[in-house]
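Basically this note's numbering = 1-based index in the sequence shown + 1.
Idealized CB from N, CA, C, for every residue including glycine.
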Amino acid sequence: MFFVPSNPAEIAYIDKEDGELVLKIYRPSSTLHGITNEPRETVISGMGQLLAAHPGMSADNLFVDSEQELLVYAFSTRVFDDEGYPESYTSAECGFASLSGQRIDFESHHPLTAYSTITACITFLLEPSEFCFEVQVLGDLVVWRAGEDHGGADGLADILVYNWKTGVNVWVSMHALLAENTPAEQIASYIINAPLRVQHSHAFDYAGRVRVELLSPSRLVIIDSNDFTMRLYQFDSERSTDCPLSWDSYDCLCVLKLPEWHKRAPSFLFVGMAESFLAHLPDLHAPETQQATFLPDPALATLVLRISFTYAEFEYRSWYPETVWKEERDERYLVFIPLTTLMRFPERSKLAQEKPPTIPWDDWGPLGTRVIRVEPHWYQPLSVVGAYTAELSRCIFDGRNATRDCILSVYEVHPFAAFVPPSHWQYKNAETGEREAGTVTASSGGPFERLFTPDEDWIHDSTAWKAPIHTTYPIRKTTRVIPSMTEDGKYLRGMRMMHGKLILFRSELDDT
2 MFFVPSNPAE IAYIDKEDGE LVLKIYRPSS TLHGITNEPR ETVISGMGQL
52 LAAHPGMSAD NLFVDSEQEL LVYAFSTRVF DDEGYPESYT SAECGFASLS
102 GQRIDFESHH PLTAYSTITA CITFLLEPSE FCFEVQVLGD LVVWRAGEDH
152 GGADGLADIL VYNWKTGVNV WVSMHALLAE NTPAEQIASY IINAPLRVQH
202 SHAFDYAGRV RVELLSPSRL VIIDSNDFTM RLYQFDSERS TDCPLSWDSY
252 DCLCVLKLPE WHKRAPSFLF VGMAESFLAH LPDLHAPETQ QATFLPDPAL
302 ATLVLRISFT YAEFEYRSWY PETVWKEERD ERYLVFIPLT TLMRFPERSK
352 LAQEKPPTIP WDDWGPLGTR VIRVEPHWYQ PLSVVGAYTA ELSRCIFDGR
402 NATRDCILSV YEVHPFAAFV PPSHWQYKNA ETGEREAGTV TASSGGPFER
452 LFTPDEDWIH DSTAWKAPIH TTYPIRKTTR VIPSMTEDGK YLRGMRMMHG
502 KLILFRSELD DT
């Protein structure tokens, strides 16, 4: 079983049925919001044929939007010349298949798409297996990112926003390694004139350390772990012609600085990596939401950054054949950034020639974000939908420590989170019948909710950040302790935050 990225209203995964690989889409009910439709699961055939046609494709290369009967898939293939000889570069492509008729139709057009596939050319010696892809869908827009898998210092990535119904590139990027004053001849040397629908868009980024998130139908953000910045971009999703290449000085609204981290001495190996998570609420006009008694405000969605630091102190001894490691530590932080914070920055004139303003962290972060420190684990599934974020720690895979409990934390981030008191601070022990306060155990019978105290607005004891961090955006945390293994021997593998519901995934150790 392999899970496929999808919209927050459903869970998509690849499974085997009668010896054939199929795509299954599960849509639960949402009784919290008054949506009482029976949960339903749709089985769509043809997944095996799609994977066979594109060897090396993984579930991460896909995105499912069943409301539009759309499957977006990214793949790479070796390019051959007219005489059948392989070229020195590999073609990265993105296709749009229809899910109608309970079968994946990847050999013909989706009825609403302008082109069945689009292609970007990266002019480097890459094997098809060396590509990594990231695909997001928001209505008519698809964010497609194709880059080198290793993500090293010379890793590159193409990032574009494409209107899959009109066939127009509404935003393409070109920044980072190529300076703005690079001669046009040098830029042209990186771009190959390819056939129709080839995207001339090359963002020279460190592929493994740059993330892109679509904030709205007209705005996106690029998170760069190389310099710990966030760049906001504006675009016109209704444009009728392909947009030009994007430079920072052309349409970047501003550059938001994240907290500054320590530049360590040579005796330290220091790596900071920022992951990004964002999921918009489902369409309010979907059939399931018409009967809802209430719905969360879509404007209160939250972008979450999970920043991990790994640092180690070592000592080199000339008389010793190996380096002596003295200390190794990890730090992990969650940075909650409401979209209202990012959307308040005004648009810049397209004719503006000055460089975009750089906004220091102290000018926007303390009041508009929330930073908390979490205990690092080697595997921590994190899921976001709207203003809610769930993180699961200490999942078990190999059967060791099977009796250890998992910690499920749900964070609620919105302007009123700090003003809603918890429903109760004590819980009745199911065995003794007595009220207990303090640390919640597996027998507590319910979640433990609490507000953050003013002292927790500060992060002082960090080796990673250069200065103490102070953030005050309202946040509320709910913690539940969940057994790692059920009585029938199924282990907790992950979870998914849904529209008004949290789904836990369990399976036996030998399940895939």
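Pairing I360 with L493 gives a Cβ-Cβ distance that is not under 8 angstroms. Cβ contact annotation for F229 (same chain, cutoff 6 angstroms, sequence separation greater than five): L259, in chain order. For E261, the secondary structure class from DSSP, reduced to helix, strand or coil, is coil. Between M499 and V411 a beta carbon distance of about 12 angstroms is seen, past the 8 angstroms cut, so the two are scored as non-contacting. Taking a contact to require three or more Cβ pairs closer than 8 angstroms, the region 7 to 20 and the region 73 to 81 do not qualify as touching. The Cβ atoms of I105 and L22 lie no closer than 8 angstroms to each other. Relative to V173, the option among V138, T167 and L221 whose CA is nearest is L221. A straight line joining the alpha-carbon of E108 with that of D489 spans about 43 angstroms. Take the alpha-carbon of A54 and the one of S46: they are about 15 angstroms apart.
The beta-carbon distance between V65 and S101, rounded to whole angstroms, is 13 angstroms. This is too long to meet the 8 angstroms contact definition. Cβ contact annotation for P347 (same chain, cutoff 8 angstroms, sequence separation greater than five): L254, in chain order. With fewer than 16 neighbouring CB atoms inside 10 Å of its own CB, V44 falls in the exposed class. Take the alpha-carbon of R232 and the one of I483: they are about 38 angstroms apart. Scanning its chain for C-beta atoms nearer than 8 angstroms, with the 5 sequence neighbours on each side dropped, one finds around D458 the residues H471, T472 and T473, in chain order. CA-CA distance, P382 to K502, rounds to 16 angstroms.
In its chain, beyond the 5 residues on either side, V169 and V171 have a beta carbon closer than 7 angstroms to the beta carbon of R240.
The beta carbon of W365 sits closer than 8 angstroms to the beta carbons of L257 and T342 from its chain, once the five residues preceding and following it are set aside; these are given in chain order. For the options S309, H281 and E376, the alpha carbon positioned closest to that of P339 is the one of H281. About 6 angstroms separates the Cβ atoms of T370 and F337, confirming a contact at the 8 angstroms cut-off. Taken through DSSP and simplified to helix, strand or coil, S67 comes out as helix. Of the candidates G140, A98, P358 and L52, the residue whose Cα lies closest to the Cα of S238 is G140.
If you draw a straight line from the Cα of P367 to the Cα of Q103, it is about 49 angstroms long. Residue state for Q103 is assigned as helix, using DSSP reduced to three classes.
Between the alpha carbons of E42 and F506 lies a gap of roughly 16 angstroms. In this chain, M58 is not harboured by any alpha helix (DSSP H), its DSSP state being neither H nor E. If you draw a straight line from the Cα of T242 to the Cα of Q235, it is about 16 angstroms long.
In terms of Cβ geometry, R374 and I476 do not form a close pair [threshold 8 angstroms]. One Cα belongs to L216, the other to E276, and the distance between them is close to 16 angstroms.
S92 and L279 have their C-alpha atoms spaced approximately 29 angstroms apart. With a 10 Å radius around the Cβ and a threshold of 16 neighbouring Cβ atoms, M2 comes out exposed.
Between A98 and the set L71, L113 and T120, the nearest pair of CA atoms involves L71. Note that the C-beta distance between A391 and M496 is below 8 angstroms. Beta-bridge analysis with DSSP links N164 to L142 and V169. For P299, there is no enclosing alpha helix (DSSP H), as DSSP marks it with neither H nor E.
A distance below 7 angstroms between beta-carbons, with the five flanking residues on each side excluded, links A418 to the following residues of its chain, in chain order: P475, I476 and R477.
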